[in-house]
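Peer 1: Residue numbers (the working numbering), protein chains in the order written: chain A, 17 to 229; chain B, 12 to 215.
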Amino acid sequence: MNIEPYRKIAYDGLWKNNQALVALLGLCPLLAVSNSVINSLGLGLATTVALVLSNTIVSLIRSQVSHEVRLPVYVLVIAANVTIIDLLMNAFFHELHKILGIFIPLIVTNCAIIGRAEAFASKNTLDKALADGFFVGLGFTLALMALGALRELIGTGTLFSRADWLFGDIAKHWSIQVFDDYGGFLLAILPPGAFIGLGLLIAVKNVIDARGK
Amino acid sequence: MNSTLKTMLSAAAILGLFSLLGIGLVTWVHQHTEMRIAENQRQTLLHSLQNLIPAGSYDNDLLADAIQISAAELAAQPVTVYRARRLGKPVAAVFSTVAPDGYSGDIRLLVAVKADGSLAGVRVISHKETPGLGDLIDENKSLWILGFDGLSLDNPPLKQWKVKRDGGVFDQFTGATVTPRAVVRAVRSILSFFKSNQEKLFAG
Chain A
17 MNIEPYRKIA YDGLWKNNQA LVALLGLCPL LAVSNSVINS LGLGLATTVA LVLSNTIVSL
77 IRSQVSHEVR LPVYVLVIAA NVTIIDLLMN AFFHELHKIL GIFIPLIVTN CAIIGRAEAF
137 ASKNTLDKAL ADGFFVGLGF TLALMALGAL RELIGTGTLF SRADWLFGDI AKHWSIQVFD
197 DYGGFLLAIL PPGAFIGLGL LIAVKNVIDA RGK
Chain B
12 MNSTLKTMLS AAAILGLFSL LGIGLVTWVH QHTEMRIAEN QRQTLLHSLQ NLIPAGSYDN
72 DLLADAIQIS AAELAAQPVT VYRARRLGKP VAAVFSTVAP DGYSGDIRLL VAVKADGSLA
132 GVRVISHKET PGLGDLIDEN KSLWILGFDG LSLDNPPLKQ WKVKRDGGVF DQFTGATVTP
192 RAVVRAVRSI LSFFKSNQEK LFAG
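(1) What residues are listed by DSSP as bridge partners for A/Q193?
(2) Since A/G60 and A/L169 are thought to touch, with beta carbons under 8 Å apart, how far apart are those beta carbons, to the nearest angstrom?
(3) Which residues bound the alpha helix (DSSP H) around A/A66?
(4) Sorted by chain position, which residues of the same chain lie with C-beta nearer than 7 Å to B/P111's C-beta, five sequence neighbours on each side aside?
(5) To the nearest angstrom, how far is the alpha carbon of A/L217 from that of A/T157?
(6) Using a Cβ cut-off of 7 Å (strictly closer), state whether A/E84 contacts chain B.
(7) Can you tell me which of A/G213, A/L57, A/V68 puts its alpha carbon nearest to the alpha carbon of A/L146?
(8) Quick one: which chain A residues come within Cβ less than 9 Å of B/S203?
(9) Three-state secondary structure (DSSP) at B/V37?
(10) Going along the chain, which unbroken runs of the alpha helix (DSSP H) with 4 or more residues stay wholly within the segment 103-148 of chain A?
(11) Starting from B/F106, follow the beta strand (DSSP E) in both directions and report where the run begins and ends.
(12) Based on Cα-Cα distance, which residue from A/A26, A/N51, A/P45, A/L40 lies nearest to A/T174?
(13) Counting only beta-carbon separations shorter than 7 Å, does A/A107 have a partner in chain B?
(14) Using a Cβ-Cβ cutoff of 7 Å, what residues of the segment 151-177 of chain B are near chain A? List them in chain order.
(15) If you measure beta-carbon to beta-carbon, which residues of the segment 61-76 of chain B are closer than 8 Å to chain A?
(16) With a cut-off of 8 Å on the beta carbons, I'd call A/G164 and A/I205 a contact; round off their distance for me.
(17) Using a Cβ-Cβ cut-off of less than 8 Å, give me the residues of the segment 199-222 of chain A that come near chain B, in sequence order.
(18) Do you know offhand how far A/S177's Cα is from A/G29's?
(19) Going by the beta-carbon positions, is the gap between A/F119 and A/G42 smaller than 7 Å?
(20) What residues of chain A sit near B/L136, judged by a beta carbon separation below 8 Å?
(21) Can you pull the DSSP bridge partners for B/S137?
(22) Between B/T141 and A/I25, what straight-line distance do the alpha-carbon atoms span, to the nearest angstrom?
(23) Is the shortest distance between the beta-carbon of B/T108 and the beta-carbons of chain A less than 7 Å?
(24) Run down chain B in chain order and give the residues with a C-beta less than 7 Å from the C-beta of A/I100.
(25) I'd like to check one pair, A/L37 with A/K221: are the Cβ atoms closer than 7 Å?
(26) Quick one: residues in its chain with C-beta nearer than 6 Å to the C-beta of A/V124, no 5 flanking neighbours on either side, listed in chain order?
(27) Just to confirm before moving on: does the CB-CB distance between A/V85 and B/A22 stay below 7 Å?
(28) What are the partner residues of B/I78, as DSSP defines its beta bridges?
(29) Among B/L130, B/A193, B/A95, which one has its Cα closest to the Cα of B/L164?
(30) In the DSSP assignment, what residue or residues form a beta bridge with B/A187?
(31) Restricting to Cα atoms, I'd like to know which of B/E84, B/L169, B/V195 is closest to B/V135.
(32) Going straight from the alpha carbon of A/Q193 to that of B/G33, what length do you get?
(33) For A/S56, count neighbouring Cβ atoms within 10 angstroms of its own Cβ and tell me buried if that reaches 16, exposed if not.
(34) Do the segment 62-76 of chain A and the segment 26-45 of chain B make contact, defined as three or more Cβ pairs closer than 8 Å?
(35) Can you give me the Cβ contacts of B/K206 inside the same chain, cut-off strictly under 7 Å, excluding the 5 residues immediately before and after it?
(36) Roughly how many angstroms lie between the CA atoms of A/L87 and A/I77, to the nearest whole one?
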């Protein structure tokens, strides 16, 4: 098996064409939720699942759907997908749904998903579309977590607070108090902090890219 | 048939087919998960009620023994009251109410009042208050809300059922007075309502 195309898919999804830092897609959920690492991880996981599923289906139906109606069909696929994920999670993972539940409607507003359906999955075979969904989702999650860590650290002086929401009781003590006696910096938690933080992350990425040249 | 019409028809057919498939699939999943979801929500509600009234202190079916009350002095929308009884005698009433005057929107509260008129406890179910300031009403963020446990209309006296800024006894938060003020007001109005309507509340 030729591994080269997959390496390119991974590199594009994680870094070169990172949906959050380069394509700047999915900003609505990104900015709304990234005020802590755990929140970011939650939205990232939910988005990755939705991306992999929608990429899979779009790739499978790509030869049946004519060019003129492809976008409405993708919208239908994604909407049905997300609704079904929402219902199944509510029924079988109710505890997790109570936490991630608020993120799931936000996934539909994430244009990265329809972006990948149109730009990649509709032109590629199933295995590549799957890999693309996974790596793009992972790249989005990592960018989201970096922003979440930055805002949580500056805003409240902690990291990984509320890990038990996602990981259960074992994670009760994962929270790290980085600065003792920290008064908090509200701006970082509020929406402006999200924009400033995202700007900083993009700048850092550009600096690294420029150095590499 | 000319070819443009053919293309249009086939496109319409594809779109129609996918709509039907999508609707069918969502409906099917919905039908198969509906019961489970309802049961999960019941359990979650019961769990939060039992946080306020311990499971052993009553013997009726809390969720079935609920009434809707429309009273202007409580809230604009009807308030659901869950009634706990033991051997037929009133133990407590849990009001699922809304404090409409939070800093940003409604604050949904569960307020449990024991039969003797004292508070078994208050919990915030959902709110949109400012993170780091108003959200200290949340049990997960600070212990403030637990300060209501055991209080009643005589303790502290009715005149002091206010935040400190307004001359009462309840702490406000630095930078956020509106939020605790809204919660204190909602709890106080429930206590007064309970006091004057207790008999009616537990009848039937």
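Even for Gly, the Cβ is constructed at its ideal location relative to N, Cα and C.
Peer 2: In this structure, then:
(1) A/Q193 is bridged by DSSP to A/T174.
(2) 18 Å between Cβ atoms; not a contact.
(3) Segment 53-76, the alpha helix (DSSP H) holding A/A66.
(4) Around B/P111: A86, A87, D117.
(5) When rounded, the distance between both Cα atoms is 14 Å.
(6) For A/E84, at least one C-beta of chain B is nearer than 7 Å to its own C-beta.
(7) Among A/G213, A/L57, A/V68, the Cα nearest to that of A/L146 belongs to A/V68.
(8) Under a criterion of Cβ atoms nearer than 9 Å, no residue of chain A is adjacent to B/S203; the nearest Cβ is some 33 Å distant.
(9) It is helical.
(10) Segments of the alpha helix (DSSP H) lying fully in the segment 103-148 of chain A: 110-116, 120-124, 127-135.
(11) In the DSSP assignment, B/F106 falls within the unbroken beta strand (DSSP E) covering 100-113.
(12) The residue with the shortest Cα to Cα distance from A/T174 is A/N51.
(13) With 7 Å as the cut-off, A/A107 counts as an interface residue toward chain B.
(14) Those residues of the segment 151-177 of chain B that come within reach of chain A (Cβ to Cβ, closer than 7 Å) do not exist; the list is empty.
(15) Result list empty, no residue passes.
(16) Rounded to whole angstroms, the Cβ separation of A/G164 and A/I205 is 11 Å, and the two are not in contact under 8 Å.
(17) Answer in chain order: G200, L202, I205, L206.
(18) Computed Cα separation, rounded: 28 Å.
(19) When the beta-carbon positions are compared, A/F119 and A/G42 stay at least 7 Å from each other.
(20) The sequence shown places Ile at residue 136 of chain B, not Leu. Going along chain A, no residue has its Cβ under 8 Å from B/I136, so there is no contact; the nearest lies around 12 Å.
(21) Per DSSP, B/R119.
(22) B/T141 and A/I25 have their C-alpha atoms spaced approximately 40 Å apart.
(23) Chain A contact via Cβ: absent.
(24) For A/I100, the residues of chain B that pass the 7 Å Cβ criterion are L36, V37, V40, in the order they occur in the chain.
(25) The answer is yes: Cβ separation under 7 Å.
(26) Excluding sequence neighbours, A/V124 sits near V98.
(27) Contact flag set, yes.
(28) B/I78 is bridged to B/V92.
(29) For the options B/L130, B/A193, B/A95, the alpha carbon positioned closest to that of B/L164 is the one of B/L130.
(30) By DSSP's assignment, B/A187 forms a beta bridge with B/F184.
(31) Answer by Cα proximity: B/V195.
(32) Answer to the nearest angstrom: the Cα atoms are 47 Å apart.
(33) Classification for A/S56: buried.
(34) Per the Cβ contact rule, the segment 62-76 of chain A is not in contact with the segment 26-45 of chain B (fewer than 3 Cβ pairs under 8 Å).
(35) Cβ neighbours of B/K206 beyond the five flanking positions: G128, L164.
(36) Near 13 Å, if we compare the C-alpha coordinates of A/I77 and A/L87.
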